[in-house]
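Numbering (the numbering used here), first residue to last: 9 to 339.
Below you can see the structure in the form of structure tokens.
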């Protein structure tokens, strides 16, 4: 006979897996009726939370899992540094877990067996199966910079993407750009869309007749170079093109395209990126960019988990940290 899972309980109660997990563990600010429906569904289905072999140990380990799609890139390095510092300060060890694209990837099972006190998911939109796997253990989750709008009712930490992009638009206009390019990312993740839209909308407010060319590119510098080339070729004599790329890596591709076209930064082309990862200042010229406080965001996510483990109430609204425009020689 197949064992009843938390996903089965959630479906019977008409709620998400995350809500069912909070109802069964007693965490979170849930309506009494919602909590009652979940518990009644669990009783009807003879659901039993795992607490021994294969599940969460009775005494949770002082571990926090950081799950990323890939490590060993500038963004992941910043996240790891921030999360490790916060975990150490709260008396936890940080476990690095990589999410793979393989159908049989069992990272939720491994987390459950470790008995982790909580899980930070960075740039990941968890599937219902993954949520159920972690939810079986009752471990709280926090989404760090979620790529999708929907968060399954989970706490999240993000940054002011729209406001940061608006600051980039005002800066390029003030620096004398007469034609504009916005280079978005593909897939069009939540934060990429927010940055693109924030830039375009701010330009429309300040320069309603400005020419704005738009393109999208996979989130890699070589692809961004290829996407930027035809837009830079539209430059008329005497024009200064102001380019906003929704990540620093895309901005690096714009640098390569500018060199191919024989243009100079910032004389002919002004470039602003977004992130302020470590490579931004080592581009030539150093890149003006919108800094998101990646380390602080990761630390905030860990603090939310540690607070939850200590019995604190979960954050009901996204935790949003401010961006800062860092002006360097590319503008």
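Positions of the beta carbon are idealized from the N, C-alpha and C atoms, including for glycine. The structure displayed is predicted, hence computed values, not measured ones.
Tell me whether residue i sits in a helix, a strand or coil according to DSSP, three-state version.
{"i": "residue 301", "result": "coil"}
{"i": "residue 321", "result": "coil"}
{"i": "residue 191", "result": "strand"}
{"i": "residue 137", "result": "helix"}
{"i": "residue 332", "result": "strand"}
{"i": "residue 3", "result": "No information on residue 3 is available, as it lies outside the stretch 9 to 339 that the chain covers here."}
{"i": "residue 179", "result": "helix"}
{"i": "residue 316", "result": "helix"}
{"i": "residue 5", "result": "Absent from the model: residue 5. The displayed extent of the chain is 9 to 339, so no value can be given."}
{"i": "residue 339", "result": "coil"}
{"i": "residue 214", "result": "helix"}
{"i": "residue 155", "result": "coil"}
{"i": "residue 186", "result": "coil"}
So residue i packs on residue j, CB below 8 angstroms; how close in whole Å?
{"i": "residue 90", "j": "residue 303", "result": "3 angstroms"}
{"i": "residue 193", "j": "residue 225", "result": "7 angstroms"}
{"i": "residue 240", "j": "residue 271", "result": "7 angstroms"}
{"i": "residue 277", "j": "residue 251", "result": "6 angstroms"}
{"i": "residue 133", "j": "residue 97", "result": "The Cβ separation is near 29 angstroms, so there is no contact."}
Going by DSSP, what residue range makes up the beta strand (DSSP E) through residue i?
{"i": "residue 106", "result": "101-106"}
{"i": "residue 166", "result": "164-167"}
{"i": "residue 221", "result": "219-226"}
{"i": "residue 88", "result": "That residue, residue 88, is in no beta strand (DSSP E); its alpha helix (DSSP H) goes 82-97."}
{"i": "residue 328", "result": "327-329"}
{"i": "residue 149", "result": "149-152"}
{"i": "residue 130", "result": "126-130"}
Name the two residues that bound the continuous alpha helix (DSSP H) containing residue i.
{"i": "residue 196", "result": "Counting along the chain, residue 196 falls outside any alpha helix (DSSP H), and DSSP gives it neither H nor E."}
{"i": "residue 14", "result": "14-21"}
{"i": "residue 122", "result": "115-122"}
{"i": "residue 144", "result": "Note, residue 144: premise wrong, no alpha helix (DSSP H); not H, not E."}
In its own chain, which residues sit with a C-beta less than 6 angstroms from the C-beta of residue i, not counting the 5 before and 5 after it?
{"i": "residue 100", "result": "70, 72"}
{"i": "residue 166", "result": "153, 326, 328"}
{"i": "residue 27", "result": "161"}
Suppose the cutoff is 7 angstroms on Cβ atoms and the five residues either side in sequence are ignored; what does the same chain contact list for residue i look like?
{"i": "residue 63", "result": "Low local confidence applies: a pLDDT of 44 at residue 63 is under 50, so the model's placement there is unreliable, and no value is given."}
{"i": "residue 82", "result": "285, 286, 287"}
{"i": "residue 168", "result": "328, 330, 331"}
{"i": "residue 67", "result": "With a pLDDT of 40 at residue 67, under the threshold of 50, the modelled position of that residue is not reliable, and the figure given next carries that caveat. Nothing listed; no residue qualifies."}
Can you list, in chain order, the residues of its chain with a C-beta nearer than 8 angstroms to that of residue i? Leave out the 5 residues immediately preceding and following it.
{"i": "residue 206", "result": "169, 170, 171, 172, 173, 174, 177"}
{"i": "residue 17", "result": "28, 32, 46, 49, 50, 53, 55"}
Fill in: Ordered list of alpha helix (DSSP H) runs contained in the stretch 233-312, each at least 4 residues
Qualifying alpha helix (DSSP H) stretches, in chain order: 256-268.
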